[in-house]
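Sequence lines, in order, name chains A and B. Residues 11 to 305 in my numbering are what the first sequence spells out, letter by letter. Residues 101 to 387 in my numbering are what the second sequence spells out, letter by letter.
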Amino acid sequence: MRAQAPLGRRAWVTAYLFLAPGLLLFLVFRVYPLLDGLRLSFTNARLGRAAAAWVGLANYQRLLDDTRFHVSLWNTAFYTVASTLPILALPLALAVALNRGALRTVLRSAFFFPFTLSVVTVGLTWLWLLDPVVGPFNYYLRAAGLPARPWLAEPALAMWAIILTTVWWVTGYYLVIYLAGLQDIPRDLYEAAAIDGAGAWRSFWAVTLPLLRPVLLFVFVTHIIGAFQIFGQVYILTDGGPGDATRTAVQHLYETAFKNFFHFGSASAMAWVLFAVIAVFSVLQFRLLRGHAEY
Amino acid sequence: MAQRGVRRRVDVQSLLLTGSLVFLAVLWLLPAVWVLVTSLKPTPSIIRLPPEWIPWPATGAHYYDVLFSTSRTARIGRAFLNSAVVALGAVVLVVGTSALAAYPLARMRFPGRNLVFALLVGSLMIPNAVVLVPQYVLTQRLGWLSTYQGLIVPEAAMTFAFGVFLLRQFFLTMPAELEDAARIDGANAWQIFSRIVVPLSQPVLGALAIFAFRSAWNDFLWPLIAVNRPEMFPLPVALALLRGAYQSESYGPIMAGAALSALPLLVVFIVANRRIVEGVRLSGLKG
Chain A
11 MRAQAPLGRR AWVTAYLFLA PGLLLFLVFR VYPLLDGLRL SFTNARLGRA AAAWVGLANY
71 QRLLDDTRFH VSLWNTAFYT VASTLPILAL PLALAVALNR GALRTVLRSA FFFPFTLSVV
131 TVGLTWLWLL DPVVGPFNYY LRAAGLPARP WLAEPALAMW AIILTTVWWV TGYYLVIYLA
191 GLQDIPRDLY EAAAIDGAGA WRSFWAVTLP LLRPVLLFVF VTHIIGAFQI FGQVYILTDG
251 GPGDATRTAV QHLYETAFKN FFHFGSASAM AWVLFAVIAV FSVLQFRLLR GHAEY
Chain B
101 MAQRGVRRRV DVQSLLLTGS LVFLAVLWLL PAVWVLVTSL KPTPSIIRLP PEWIPWPATG
161 AHYYDVLFST SRTARIGRAF LNSAVVALGA VVLVVGTSAL AAYPLARMRF PGRNLVFALL
221 VGSLMIPNAV VLVPQYVLTQ RLGWLSTYQG LIVPEAAMTF AFGVFLLRQF FLTMPAELED
281 AARIDGANAW QIFSRIVVPL SQPVLGALAI FAFRSAWNDF LWPLIAVNRP EMFPLPVALA
341 LLRGAYQSES YGPIMAGAAL SALPLLVVFI VANRRIVEGV RLSGLKG
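The structure is reproduced here in structure tokens:
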């Protein structure tokens, strides 16, 4: 049921009066910056430079030779790929387990809590936990007879420490989304599966996963868009180091525009390259997972 | 008899499952507990190994330090105030503009409606990092760097489209009869909106308010570049700078600041747990 106000000029004007404040906000602070960023990427704009000159594709051309940018893209891709499985699977496993068991609300809250924290608080927490000398993480590893490592100072390990931190932060968020999706699956489908002799494992693959497809798609796309823009964890935990081992695309963009060079033109070119990469991935994911009709 | 045997096995299974989930949940909360414990310890015992999980004798010195110290960096008290102003301002702006915009998009027919809605939904896919530099240029040109409005307005613009999306979904489900009755009684669109639609939408407006509060309170990247006067830093930026200001062996003040920054959302989380979860659920399902 929908109420539709009568057509006519007055209704028309009324509708846009309601829309006006929000549209103004949206056009000035979202649409305009998006387009202006594209324009900036073709100029030599810098912080404090009043008149920027048009330089054509020079910023994009320079990116082809910017090895640091390549490394940062590679790091971002590595982070995105390596974090996808834990972030898709762990909350899903927890959701399936919680969905049946007792204490659902309390346990859900426990896992959700870290998601209420800012990325800075999360980063500082893990910086302290992973402290190579006095941090409890290494202490308990040693106590269990496992090798203690300077997790954030070893190039091969630092990105995994960032992934661990992120998993701790966001698992509860995806858990809540999965749980909601599970609640929407009709009970009788499981009963039917049980009558057909399917065990828990079988009915997970045959009932839960296929019916969770739209939710999985949402989680997948949300995660990928977020992962390509990872910044806060890196900034706090490693500042891109050791060396360039954890320098991600947005970290590099931030440094180019606001820390080292104040070069807005080339930072804008980076932003649009990143945008293009994210757009391609999002379309691919939709293609990949949309396949079947939703139930 | 056979049936009872099956039930007992199932009971043992679910008990084991619940047990391991409880264990995992406790493990999950330990990092946060560790922050709190550290913040209450006197400095010498913070770095003592093995880690001491009971902060006794406890001290509030680190809290006093970060809240009231006049030192150059530890201005957490002021930052707390800044964050509160920015987050509440963003909540008012987001909830107000989203509700106003979502109402005609859900309940009126007018030219351009589908285009406007498609634009808003499409913008949800724009990565924030892409507009960072031009948004800085714009804010600078407006003279809004290091001001509250320079934090509030871009923050609200970031959440606006999502808010419209969320509220429109809810407005679509409202029964038409209420509006029709009001219209027959001579109410105009504004009266219907403010006296019928808004009061009936309290839960979803609350969910959006919490969502907007959380993203403004916790945002880091935008204030990191848009504020360069220390007295205007919001909490995440002030905390990030605390990190550099103290030696690594002095985690006390840093952890006190971290615990303080978590406090408002913890309170909201305890009071309005259901609403937060509902907000996340709504945001996820129709994505």
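By construction, the Cβ of each residue, glycine as well, lies at the ideal position given by its N, Cα and C atoms. These figures come from a predicted structure and were not determined experimentally.
Problem set entry | Interfacial residues, the region 122-134 of chain A to chain B, with Cβ spacing under 9 Å | Answer set for the region 122-134 of chain A: Phe122, Phe123, Pro124, Phe125, Thr126, Leu127, Ser128, Val129, Val130, Thr131, Val132, Gly133 and Leu134.
Exercise. Skipping 5 residues on each side, what residues in its chain have a beta carbon closer than 8 Å to that of Gly250(B)?
Worked result: Around Gly250(B), the same chain offers Thr239, Leu242, Trp244, Ala326 and Val327 as residues with beta carbons nearer than 8 Å, after the five sequence neighbours per side are excluded.
For this session: Give the interface partners of Ala281(A) over in chain B, defined as CB-CB distance under 9 Å, in chain order.
Result: By Cβ distance, chain B contributes Pro227, Ala229, Val230, Val231, Leu232, Val233 and Pro234.
Exercise. Can you name the residues that DSSP bridges to Trp64(A)?
Worked result: Beta-bridge pairing by DSSP links Trp64(A) to Thr53(A).
Problem set entry | Beta-carbon spacing of Leu335(B), Phe123(B) below 8 Å | Not in contact: Leu335(B) and Phe123(B) (Cβ atoms no closer than 8 Å).
Exercise. Comparing the C-beta of Thr259(B) with each C-beta of chain A, is any distance below 8 Å?
Worked result: So, not an interface residue.
Problem set entry | Of the residues Phe311(B), Ile226(B), Trp134(B) and Leu341(B), the one placed nearest Leu69(B), counting alpha carbons only | Here chain B comprises residues numbered 101 to 387, so residue 69(B) is not present and cannot be evaluated.
For this session: Less than 8 Å between the CB atoms is what I'm expecting for Gly357(B) and Leu339(B), so what's the real figure, rounded?
Result: Cβ atoms of Gly357(B) and Leu339(B) come within 8 Å of each other, at about 5 Å.
Problem set entry | Own chain, CB closer than 7 Å to Gln235(B), minus 5 neighbours either side, in chain order | Contacts found: Pro254.
For this session: Go through its chain and collect everything with a Cβ distance to Thr248(A)'s Cβ below 6 Å, but skip five positions before and after it.
Result: Here the set comprises Leu162, Ala168 and Thr256.
Problem set entry | Beta-carbon proximity list for Val166(B), same chain, < 6 Å, skipping 5 on both sides | So the qualifying residues of the chain are Ala174, Ile176, Pro353, Ala356 and Gly357.
For this session: In angstroms with no decimal places, state the Cα-to-Cα distance between Ser139(B) and Arg329(B).
Result: Each residue's Cα considered, the two are about 27 Å apart.
Exercise. Would you say Tyr200(A) reaches chain B, if we count a Cβ-Cβ gap shorter than 8 Å as a contact?
Worked result: Cβ-Cβ to chain B under 8 Å: no for Tyr200(A).
For this session: Check the C-beta distance from Phe228(A) over to Gly182(A) and give it rounded, since I have them as a contact under 8 Å.
Result: Not really, about 16 Å apart at Cβ, beyond 8 Å.
Exercise. Can you tell me whether Thr115(A) is buried or exposed, with buried defined as 16 or more other CB within 10 angstroms of its CB?
Worked result: Flag for Thr115(A) reads exposed.
For this session: Using a Cβ cut-off of 8 Å (strictly closer), state whether Trp22(A) contacts chain B.
Result: With 8 Å as the cut-off, Trp22(A) counts as an interface residue toward chain B.
Exercise. Is it true that the region 297-314 of chain B meets the region 262-278 of chain B, where meeting means three or more beta-carbon pairs spaced less than 8 Å apart?
Worked result: Judged by Cβ distances under 8 Å, the region 297-314 of chain B makes contact with the region 262-278 of chain B, as three or more pairs qualify.
Exercise. Of the residues Phe238(A), Asn148(A) and Gly47(A), which one's Cα is nearest the Cα of Ala9(A)?
Worked result: A query on residue 9(A) cannot be resolved here, the shown segment of chain A reaching from 11 to 305 and no further.
For this session: Anything in the region 249-260 of chain A with a Cβ closer than 9 Å to a Cβ of chain B? List those residues in chain order, please.
Result: Within the region 249-260 of chain A, those residues whose Cβ lies closer than 9 Å to any Cβ of chain B are, in chain order, Ala259 and Val260.
For this session: State buried or exposed for Arg148(B), treating a residue as buried only when at least 16 other CB atoms are found within 10 Å of its CB.
Result: Exposed.
For this session: Compute the distance between the beta-carbons of Ile296(B) and Arg283(B), then report whether it is under 8 Å.
Result: Taking 8 Å as the cut-off, the Cβ atoms of Ile296(B) and Arg283(B) do not count as close.
Problem set entry | Supposed close pair Phe79(A), Met280(A) - CB separation, criterion 8 Å | So it is a contact: roughly 6 Å between Cβ atoms.
Problem set entry | Minimum Cβ-Cβ distance from Gly66(A) to chain B less than 8 Å | For Gly66(A), the answer is no, since every Cβ of chain B falls outside 8 Å of its Cβ.
Exercise. I think Val264(B) touches Ala187(B), with their Cβ atoms under 8 Å apart; what is that distance to the nearest whole Å?
Worked result: With 8 Å as the limit, Val264(B) and Ala187(B) do not qualify as a contact, their Cβ atoms being about 20 Å apart.
For this session: Compute the beta-carbon to beta-carbon distance between Val225(A) and Leu199(A), rounded to the nearest angstrom, for a pair I have assumed lies under 8 Å.
Result: About 15 Å separates the two Cβ atoms, so there is no contact after all.
For this session: Measure the C-alpha to C-alpha separation of Pro82(A) and Ile173(A) and round it to an integer number of angstroms.
Result: A small correction: the amino acid at residue 82(A) is Ser; Pro does not occupy that position in the sequence shown. Between the alpha carbons of Ser82(A) and Ile173(A) lies a gap of roughly 16 Å.
For this session: Using the Cα positions of Pro131(B) and Thr135(A), report the straight-line distance between them to the nearest angstrom.
Result: In this structure, the CA atom of Pro131(B) is about 7 Å from the CA atom of Thr135(A).
For this session: Closer than 7 Å by beta-carbon distance: list the chain A residues that pair up with Tyr351(B), in chain order.
Result: Here the neighbours are Trp138.
Exercise. Could one say the Cβ of Asp76(A) lies closer than 8 Å to chain B's Cβ atoms, at least one of them?
Worked result: For Asp76(A), the nearest beta carbon of chain B is not closer than 8 Å to its own beta carbon.
Exercise. Using a Cβ-Cβ cut-off of 6 Å (strictly less than) and excluding sequence neighbours within five positions of His273(A), which residues of its own chain qualify?
Worked result: Taken in chain order, the residues that qualify are Arg56 and Thr266.
Problem set entry | Proximal residues of chain B, C-beta to C-beta of Gln239(A) below 8 Å | Listed along chain B are Pro227, Asn228 and Ala229, each with a C-beta nearer than 8 Å to that of Gln239(A).
For this session: Examine chain B for any beta-carbon lying closer than 8 Å to the beta-carbon of Ala120(A), and answer yes or no.
Result: Any Cβ of chain B closer than 8 Å to the Cβ of Ala120(A) would place that residue at the interface, and such an atom is present.
Exercise. Going by Cα to Cα distance, which pick from Leu193(B), Ile376(B) and Lys141(B) is closest to Ala190(A)?
Worked result: Taking only the C-alpha atoms, the option nearest Ala190(A) is Ile376(B).
Exercise. Does the separation of the CB atoms of Phe313(B) and Val191(B) fall below 8 Å?
Worked result: The criterion of a C-beta distance shorter than 8 Å is satisfied by Phe313(B) and Val191(B).
Exercise. Since Ile284(B) meets chain A, which of its residues come closer than 7 Å, beta carbon to beta carbon?
Worked result: Taking a Cβ-Cβ cut-off of 7 Å, Ile284(B) has no neighbours in chain A, whose nearest Cβ is about 12 Å from it.
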